[in-house]
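Okay, structure first, notes after.
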Amino acid sequence: MARELVGALPDMFPDSVMPVLLQAAILVRENKACRAKEILGQFSEKFPDKSKVVLLTGAQVAAGAGHTQVVVESLSKIPYIQHMPATIATLISLKERVGDIDGAIAVFHSAIQWWSNAMAKDNKLNVIMTTSSP
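To convert, note that position 132 of the sequence shown is 387 in this note's numbering; the numbers rise steadily by one, no gaps.
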């Protein structure tokens with residue numbers, strides 16, 4: 256019943272995020288994470304300005320259902336959060352959990368490169384790298 260009701264909402268509100276999020280939540284709950292990921296991906300491609308909330312919520316829904324790979328894929332599609340410490344730690348942990356050690360290392364190296372470039376621009380890297388003596 257819930258699926259039928261939620262299924263009608265995207266036609267009624269085609270540019271609204273909420274119906275898509277509800278559909279994805281139901282699909283993940285039904286153990287159809289791949290279909291949920293597909294629906295979220297289609298919406299985020301159609302409405303890129305709303306993709307952040309769709310992908311973050313999709314990651315949260317998938318995490319609650321224990322679908323680690325969907326979480327990784329959702330977070331990896333949001334480029335401007337890839338360098339944030341919380342995202343880095345989350346992605347590394349999740350990739351390790353699914354056995355993708357090379358992927359975890361790649362996330363770490365990418366973050367190091369991003370922060371090295373960002374900090375070198377203002378010569379801030381030296382501030383972080385300098386050790387203080389007692």
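Cβ coordinates follow ideal geometry from the N, Cα and C atoms, glycine included.
Item, Value
"Status (buried if at least 16 other CB within 10 Å, exposed otherwise) for Ala341", "exposed"
"Burial state of His322, where buried means 16 or more other Cβ atoms lie within 10 Å", "buried"
"Segment contact, 8 Å Cβ cut-off, at least three pairs: the segment 292-310 with the segment 329-348", "yes"
"Cβ neighbour criterion (16 or more within 10 Å) applied to Lys301", "exposed"
"Exposed unless 16 or more other CB atoms sit within 10 angstroms - verdict on Phe268", "exposed"
"Proximity below 9 Å, CB of Ala317 to CB of Ala291", "yes"
"Alpha carbon of Leu282 to alpha carbon of Met374, nearest angstrom", "42 Å"
"Simplified DSSP state of Phe268, which is helix, strand or coil", "coil"
"Between the CA atoms of Ser371 and Phe363 - distance to the nearest angstrom", "12 Å"
"Whole runs of the beta strand (DSSP E) within the segment 326-381, excluding any shorter than 3 residues", "none"
"Three-state secondary structure assigned by DSSP to Lys287", "coil"
"Distance between Ile367 and Leu264 (C-alpha atoms, nearest Å)", "43 Å"
"Three-state class that DSSP yields for Gly313 in the structure shown", "helix"
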